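Enquirer: Below you'll find the structure I mean.
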Ligand SMILES: Cc1cc2nc3c(=O)[nH]c(=O)nc-3n(C[C@H](O)[C@H](O)[C@H](O)COP(=O)(O)OP(=O)(O)OC[C@H]3O[C@@H](n4cnc5c(N)ncnc54)[C@H](O)[C@@H]3O)c2cc1C
């Protein structure tokens with residue numbers, strides 16, 4: 016088959032690698048000068064920073080993305096270090112013990128901090144184990160068939176039953192059921208700020224998925240109870256560009272071509288069937304299959320055209336629940352700020368009002384770091400990402416894609432100063448050590464992702480809403496990536512893009 020891939024981000028590259036490896040003619044187009052989408056990294060003055068990645072989940076051997084890399088033959092090229100993240104709240108921080116104690120150390124620590132909720136924490140832990148068993152079975156189900164599959168389905172049903180009365184609850188309700196303390200509730204749902212999803216709009220039982228214990232301590236054993244296997248978090252050695260290069264190598268080794276500085280401006284159809292694409296330089300390339308990634312609105316309304324789409328599908332594109340953007344500082348430092356930062360990735364929360372802070376952001380008001388920020392120091396794991404003796408650090412906050420008042424460009428300098436001032440409250444003296452600073456606003460991210468609205472993790476996981484289906488109403492047109500039904504984050508994007516490629520191959524074998 017002649018296959019065109021729109022977008023050289025994680026999704027496009029994964030699908031391209033799988034389809035090229037299966038022996039098909041693959042051409043990838045992307046308007047950026049470098050492949051990777053938000054994984055393309057950023058370089059200046061000898062420093063390298065990641066744009067769209069902190070820690071990645073499930074990249075190890077026998078884990079979902081790790082299995083994809085194994086199948087593509089590039090697992091050996093993706094070097095990983097098991098890692099974890101630290102959480103700092105206004106009154107306390109969650110720090111892993113110097114020596115590994117037991118898988119339940121975080122729960123025990125929280126029981127000391129919130130004695131009135133000790134019983135609720137016990138109940139939470141029991142349900143966490145049940146949820147982990149449930150997820151273990153879901154992963155195993157994808158690998159078995161026949162009688163084994165039937166048995167797994169029955170086991171799954173048995174595990175789901177006790178959750179049934181709470182299946183329609185939102186995460187705020189689930190939190191209130193476990194804990195009295197609003198602070199403790201915030202500990203378990205604070206990461207929703209990164210998803211631009213207020214707790215009242217997030218699936219209640221999803222709170223277990225928001226709090227995988229290995230993300231707080233990478234030394235936790237894989238299996239925490241019989242049949243309850245967890246996935247681990249990792250730093251990518253060499254940063255995200257190392258992952259991009261590994262995928263590019265698979266594509267090129269298998270004869271695929273990557274066209275950079277070239278966007279697709281139109282998807283050409285005939286009788287509801289894909290015929291090819293036209294590029295920004297006006298060239299036509301014929302195709303049996305087009306796999307598109309990037310913004311759903313741009314792909315379907317601009318490149319295909321509403322007139323070729325069923326109304327219901329077109330409306331779904333308009334109604335897609337998208338996240339908003341990030342305001343990001345890349346710093347080159349002339350010192351190592353640890354132990355103040357203590358770890359490669361720290362989430363600093365300066366409020367417990369997660370619902371209120373997300374809702375405020377959604378109205379176009381930027382908090383400038385007052386509600387919190389995330390710090391990532393990739394050079395702690397990959398010293399080559401900074402010159403000798405120096406360190407690369409990224410500080411980011413979530414922010415509205417569009418400001419209610421003013422614009423990003425004119426307020427960029429003030430916002431940079433304000434965010435540094437907040438960061439300095441946690442890392443005293445930081446500013447005196449900055450030798451390089453790059454500020455990125457939603458405008459930069461819109462440019463990199465080629466979208467009119469920057470949604471930094473793609474779809475917001477809002478109850479009852481879903482992304483665009485991989486198989487579209489147009490014959491031969493498929494959609495992958497963080498705005499598709501598979502959702503955002505690399506742990507979702509890579510396996511779904513690979514599975515979609517397998518589906519395309521199955522379909523072509525049937526024809
Ligand atoms: C700051 C930040 C932090 C993140 N942190 C994490 C994290 O800790 N863990 C995690 O798992 N995920 C994280 N993510 C999310 C994760 O990086 C993304 O979900 C994933 O990389 C998205 O991949 P994608 O291929 O769907 O999209 P993109 O990377 O946006 O790639 C889409 C590509 O399509 C191209 N394109 C668009 N239109 C066209 C066109 N017409 N023609 C040709 N090409 C086109 C764009 O130029 C772009 O290169 C983070 C993201 C950001 C921004």
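Numbering (this note's numbering), first residue to last: 16 to 526.
Even for Gly, the Cβ is constructed at its ideal location relative to N, Cα and C.
None of the values given here were measured: they were computed from a predicted structure.
(1) Grouping DSSP H, G and I as helix and E and B as strand, with all else coil, what is residue 428?
(2) For a test of the three-state rule: what should DSSP assign to residue 260, helix, strand or coil?
(3) Quick one: which unbroken alpha helix (DSSP H) runs of 4-plus residues sit fully inside the segment 198–264? Chain order, please.
(4) At a cut-off of 7 angstroms, would you count residue 408 as near ligand 1, judging by its Cβ distance to the nearest heavy atom?
(5) I want to know whether the segment 228–244 touches the segment 352–371 - three or more CB-CB distances under 8 angstroms.
(6) Please report the Cβ distance between residue 304 and residue 28, rounded to the nearest whole angstrom; I am assuming they are in contact, meaning their Cβ atoms lie under 8 angstroms.
(7) Contact check, residue 465 vs residue 340 under 8 angstroms by CB: the rounded distance?
(8) Is any heavy atom in ligand 1 found nearer than 7 angstroms to the beta carbon of residue 47?
(9) Under the DSSP definition of a beta bridge, which residues are partnered with residue 281?
(10) Any idea if residue 512 is buried or exposed, counting beta-carbon neighbours within 10 angstroms, 16 or more meaning buried?
(11) Report the residue from 316, 306, 255, 491 whose alpha carbon sits nearest the alpha carbon of residue 58.
(12) In or out: residue 296 buried (at least 16 other Cβ within 10 Å) or exposed?
(13) For the beta strand (DSSP E) containing residue 150, name the first residue and the last one.
(14) Just how far apart, CA to CA, sit residue 20 and residue 488?
(15) Using 7 angstroms as the cut-off, classify the Cβ of residue 21 as near or not near the heavy atoms of ligand 1, replying yes or no.
(16) Checking the sheet assignment: what are the DSSP bridge partners for residue 387?
(17) Return the chain-ordered list of same chain residues with a C-beta closer than 8 angstroms to the C-beta of residue 38, the five sequence neighbours on each side being excluded.
(18) What would DSSP say about residue 97, mapped onto helix, strand or coil?
(19) Classify residue 320: buried if its beta carbon has 16 or more other beta carbons within 10 angstroms, exposed otherwise.
(20) Checking 8 angstroms against the spacing of the C-beta atoms, do residue 104 and residue 202 come in under that value?
(21) Could you check whether residue 408 and residue 352 sit closer than 8 angstroms to each other, using their CB atoms as the reference points?
(22) Any idea if residue 455 is buried or exposed, counting beta-carbon neighbours within 10 angstroms, 16 or more meaning buried?
(23) Three or more beta-carbon pairs under 8 angstroms between the segment 218–227 and the segment 185–201, yes or no?
(24) Hey, how far is the Cα of residue 126 from the Cα of residue 102?
(25) Given this structure, state the Cα-to-Cα distance separating residue 376 from residue 410, to the nearest angstrom.
(26) So, residue 494 versus residue 294, is the Cβ gap smaller than 8 angstroms?
(27) Quick one: does the C-beta of residue 73 sit closer than 7 angstroms to a heavy atom of ligand 1?
(28) If we count Cβ pairs, one from each stretch, closer than 8 angstroms, do we get three or more for the segment 311–330 versus the segment 376–387?
(29) Would you identify the three-state DSSP class for residue 337, choosing helix, strand or coil?
(30) Out of 232, 491, 16, 356, point me to the one whose CA is closest to residue 282's CA.
(31) How about residue 80 and residue 506: do their beta carbons lie closer than 8 angstroms?
(32) Go through its chain and collect everything with a Cβ distance to residue 350's Cβ below 6 angstroms, but skip five positions before and after it.
(33) Give the range of the beta strand (DSSP E) segment to which residue 63 is assigned.
(34) Along the alpha helix (DSSP H) that carries residue 513, what are the first and last residues, could you check?
Expert: On the basis of the supplied data:
(1) Position 413 of the chain shown holds residue 428. It is helical.
(2) Indexing the chain shown from 1 puts residue 260 at position 245. Three-state DSSP puts residue 260 in a helix.
(3) The segment 198–264 contains these whole alpha helix (DSSP H) runs: 222–225.
(4) For the purposes of this step, residue 408 is taken as residue 393 along the chain shown, with counting starting at 1. The answer is no for residue 408.
(5) Taking a cut-off of 8 angstroms on C-beta distances, the segment 228–244 does not touch the segment 352–371, as fewer than three cross pairs fall below it.
(6) Here residue 304 is taken as the residue at index 289 of the chain shown, counted from 1. Here residue 28 is taken as the residue at index 13 of the chain shown, counted from 1. The beta-carbon separation of residue 304 and residue 28, rounded to 16 angstroms, does not stay under the 8 angstroms limit for a contact.
(7) The residue you call residue 465 lines up with position 450 of the chain shown. The residue you call residue 340 lines up with position 325 of the chain shown. Between residue 465 and residue 340, the beta carbon gap of about 14 angstroms keeps them out of contact (Cβ cut-off 8 angstroms).
(8) Within the chain shown, numbered from 1, the residue matching residue 47 stands at position 32. Indeed, a heavy atom of ligand 1 lies less than 7 angstroms from the Cβ.
(9) As a working mapping, residue 281 is identified with position 266 in the chain shown. Paired residue(s): 293.
(10) Position 497 of the chain shown, counting from 1, holds the residue named residue 512. Buried is the call here.
(11) Working through the chain shown from its first residue, we reach residue 58 at position 43. Of 316, 306, 255, 491, the residue nearest in Cα terms is 255.
(12) Translated into the one-based positions of the chain shown, residue 296 becomes position 281. With fewer than 16 other Cβ atoms within 10 Å, it is exposed.
(13) Stepping through the chain shown from its first residue, residue 150 is reached at position 135. No beta strand (DSSP E) contains residue 150, which is instead part of the alpha helix (DSSP H) from 133–156.
(14) Within the chain shown, the letter at position 5 stands for residue 20. Within the chain shown, the letter at position 473 stands for residue 488. Using only the alpha carbons, I get a separation of about 18 angstroms.
(15) Taking the chain shown and counting its residues from 1, the one referred to as residue 21 is at position 6. Checking every heavy atom of ligand 1 against the Cβ of residue 21, one is found closer than 7 angstroms.
(16) Here residue 387 corresponds to residue number 372 of the chain shown, with the count starting at 1. DSSP lists 364 as the bridge partner or partners of residue 387.
(17) Taking the chain shown and counting its residues from 1, the one referred to as residue 38 is at position 23. Counting only Cβ-Cβ distances below 8 angstroms, and skipping sequence neighbours, we find 269.
(18) By 1-based counting over the chain shown, the position of residue 97 is 82. Residue 97: strand per DSSP, three-state reduction.
(19) Working through the chain shown from its first residue, we reach residue 320 at position 305. By the 10 Å Cβ count, residue 320 comes out exposed.
(20) Looking up residue 104 in the chain shown gives position 89. Looking up residue 202 in the chain shown gives position 187. Yes, they are a contact pair.
(21) In the chain shown, the residue the question calls residue 352 occupies position 337. In the chain shown, the residue the question calls residue 408 occupies position 393. With contacts defined by Cβ atoms closer than 8 angstroms, residue 352 and residue 408 form a contacting pair.
(22) For the purposes of this step, residue 455 is identified with residue 440 of the chain shown, where counting begins at 1. By the C-beta density criterion, residue 455 is buried, having at least 16 other C-beta atoms within 10 angstroms.
(23) Yes, the segment 218–227 touches the segment 185–201.
(24) Your numbering for residue 126 matches position 111 in the chain shown. Your numbering for residue 102 matches position 87 in the chain shown. Taking the straight line joining both Cα atoms gives about 16 angstroms.
(25) Here residue 376 is taken as the residue at index 361 of the chain shown, counted from 1. Here residue 410 is taken as the residue at index 395 of the chain shown, counted from 1. Just so you know, the alpha carbons of residue 376 and residue 410 end up roughly 18 angstroms apart.
(26) By 1-based counting over the chain shown, the position of residue 494 is 479. By 1-based counting over the chain shown, the position of residue 294 is 279. Contact: no.
(27) Residue numbering aside, residue 73 sits at position 58 when the chain shown is read from its first letter. Short note on residue 73: C-beta not closer than 7 angstroms to any heavy atom of ligand 1.
(28) The segment 311–330 vs the segment 376–387: no contact.
(29) As a first step, residue 337 must be located in the chain shown, where it is residue number 322. Residue 337: strand per DSSP, three-state reduction.
(30) If you number the chain shown from 1, residue 282 lands on position 267. Minimum Cα distance to residue 282 is reached at 491.
(31) Start at 1 with the first residue of the chain shown, and residue 80 comes out as number 65. Start at 1 with the first residue of the chain shown, and residue 506 comes out as number 491. The Cβ-Cβ distance between residue 80 and residue 506 falls below 8 angstroms.
(32) In the chain shown, counting from the first residue as 1, residue 350 sits at position 335. Cβ neighbours of residue 350 within its own chain (closer than 6 angstroms, five residues either side excluded): 448.
(33) One-based indexing of the chain shown puts residue 63 at position 48. For residue 63, the enclosing beta strand (DSSP E) covers residues 62–64.
(34) Taking the chain shown and counting its residues from 1, the one referred to as residue 513 is at position 498. Element bounds for residue 513: 505–525.
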